[in-house]
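What follows is a short report on a single structure.
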Amino acid sequence: MDDLKLLGTALAGPDPSPEAVDRSRHRLQNTMRDGGPAKPRRGRRWILAGAGLTAAAAAAAIVVSDLSAPDSPEKETVLSGRQVMLAAATTAEAKPATSGTYWHTKSVRQSGKVTDVSETWFARDGRTWLSAAPGLVSRVEKRPLIGLTDLDYAGVQRLPTDPARLKAALLESATVPAARRRPQLFTLNLLQSVLAEAPAPPKVRAAAYRALAAMPHIDNLGRTAGGYRLKITYMNGAGTGADGTETIVVDPKSTQLRVEGWAGFGDGDLPVGPSQTTSGWTNDLPGRLVPWSAQIPYIEKLNEQLKAQHH
Numbered sequence: 001m002d003d004l005k006l007l008g009t010a011l012a013g014p015d016p017s018p019e020a021v022d023r024s025r026h027r028l029q030n031t032m033r034d035g036g037p038a039k040p041r042r043g044r045r046w047i048l049a050g051a052g053l054t055a056a057a058a059a060a061a062i063v064v065s066d067l068s069a070p071d072s073p074e075k076e077t078v079l080s081g082r083q084v085m086l087a088a089a090t091t092a093e094a095k096p097a098t099s100g101t102y103w104h105t106k107s108v109r110q111s112g113k114v115t116d117v118s119e120t121w122f123a124r125d126g127r128t129w130l131s132a133a134p135g136l137v138s139r140v141e142k143r144p145l146i147g148l149t150d151l152d153y154a155g156v157q158r159l160p161t162d163p164a165r166l167k168a169a170l171l172e173s174a175t176v177p178a179a180r181r182r183p184q185l186f187t188l189n190l191l192q193s194v195l196a197e198a199p200a201p202p203k204v205r206a207a208a209y210r211a212l213a214a215m216p217h218i219d220n221l222g223r224t225a226g227g228y229r230l231k232i233t234y235m236n237g238a239g240t241g242a243d244g245t246e247t248i249v250v251d252p253k254s255t256q257l258r259v260e261g262w263a264g265f266g267d268g269d270l271p272v273g274p275s276q277t278t279s280g281w282t283n284d285l286p287g288r289l290v291p292w293s294a295q296i297p298y299i300e301k302l303n304e305q306l307k308a309q310h311h
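Take 1 as the starting number for the sequence shown in UniProt numbering and just add one per residue.
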């Protein structure tokens, strides 16, 4: 299938309605930090997990239902996971760059009756503001745009546009020793972070999708709200079995990617609430500016509520 036919297949069909929630990726974060399977922990502090560690933004995955007869001329093409990624790459490369004063990321997590909303604003010079309490914004220490790396705004803009070089640069940027022991795990997730959390240029986004398309163990599960649902299988360090799986949704029209859920990684049946992360440019810094200490009482109360639900 040539590029034009591939893109046409991926973009066919009506626009789906957006899905409201994503599942948390905190199980994998433990694996990435420690280099081994995550262990279940009760009463986990979810607030201030760090900007850039959230799952991701908005939209979808791709599979076309084959309801026609075997020889029917109307038979639709079923795309592989690789073809979905390549279609998104073609669209991403043609999109114009966007800009603004602040790069804004908002994460909403639901755990039972408790809702946790956190927002982060990054200026190009590295200045950072954080809101964990409704209506309150505080200036905080500079932090990376992509969690578990040293990449700031300038670093993201300088990322290579060649897929192989991009993977190498992202792995080199990782700030935890486990990245060297689990390169596939880190590379896959840092590529996703480029697409879901960072203000990466269009050609870098295209390279990230092409790099993902070349990775093994990515299967298309079918069309879903917002695009196509893809399953990624993470192999153990020896390559002899699966540590766990991740489900993502990729939208070739908008080129957005979001994480839908996780399974495995040693967490068993630990309850994980749905989450939704959105990101984009804004020219406003809303809310009332206060010292960080003014937000602490709200955070402590929220963590007590989360802890109570786990007992």
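Backbone N, C-alpha and C fix where the C-beta goes; we use that ideal spot for every residue, glycine too. Quick caveat, the model's predicted, so the values are computed rather than measured.
Pairwise C-alpha distance: residue j and residue i
i           : j      : result
Ala174      : Asp150 : 7 Å
Ala238      : Asp219 : 21 Å
Gly227      : Thr77  : 15 Å
residue 338 : Thr240 : In the structure as shown, the chain begins at 1 and stops at 311. Residue 338 is therefore absent and cannot be evaluated.
Gly100      : Lys231 : 34 Å
Ala198      : Arg158 : 12 Å
Ala225      : Ala123 : 33 Å
Met215      : Leu145 : 24 Å
Thr187      : Ala133 : 33 Å
Leu285      : Trp121 : 8 Å
Val204      : Ala178 : 25 Å
Asp251      : Lys113 : 30 Å
Tyr153      : Leu79  : 34 Å
Arg180      : Asn236 : 14 Å
Asp162      : His217 : 21 Å
Arg109      : Gly155 : 28 Å
Leu306      : Ala263 : 22 Å
Ala169      : Asp125 : 21 Å
Ser193      : Asp116 : 21 Å
Ser111      : Glu304 : 13 Å
7 Å CB neighbourhood of residue i in its chain, flanking five on each side removed
i      : result
Leu136 : Gly287, Arg288, Val290, Ala294 and Gln295
Gly13  : With a pLDDT of only 48 at Gly13, under 50, the local geometry of the prediction cannot be trusted, and no value is derived from it.
Pro183 : Leu171
Ser131 : Ser118, Glu119, Val137 and Gly287
Ala92  : Pro202, Arg205, Ala206, Tyr209 and Thr255
Trp292 : Ser138 and Val140
Contacting residues, own chain, Cβ-Cβ under 6 Å from residue i (five flanking each side not counted)
i      : result
Tyr234 : Leu185, Asp243 and Gly244
Leu191 : Ala208, Ala211 and Leu212
Arg42  : Since pLDDT at Arg42 reaches only 35, below the 50 mark, its modelled position is unreliable, and the value read off the structure follows with that caveat. Excluding sequence neighbours, Arg42 sits near His310.
Tyr298 : Ala133
Met85  : Tyr209, Leu212 and Ala213
Lys167 : Thr187 and Ala211
Asn189 : none
Gly81  : Ile218, Asp219, Asn220 and Leu230
Ala88  : Tyr209, Val250, Pro252 and Thr255
Per DSSP, cross-strand counterpart(s) of residue i
i           : result
residue 321 : Coverage of the chain is limited to positions 1 through 311, which leaves residue 321 absent and any answer about it impossible.
Trp121      : His104 and Trp129
Asp219      : Lys231
Leu136      : Arg288
Val249      : Arg229 and Arg258
Gly264      : Gly244
Ala174      : Thr149
Thr91       : DSSP lists no partner for Thr91.
Thr115      : Gln110
Thr282      : Tyr102
Thr224      : Gly227
Proximal residues to residue i (C-beta, below 8 Å), its chain only, five neighbours per side dropped
i      : result
Arg127 : Arg139 and Lys142
Gln281 : Reading the sequence as shown, one finds Trp at residue 281 and not Gln. Once the five neighbours on either side are set aside, the close Cβ partners of Trp281 are Thr98, Ser99, Gly100, Thr101, Tyr102, Trp103, His104 and Pro199.
Ala94  : Pro202
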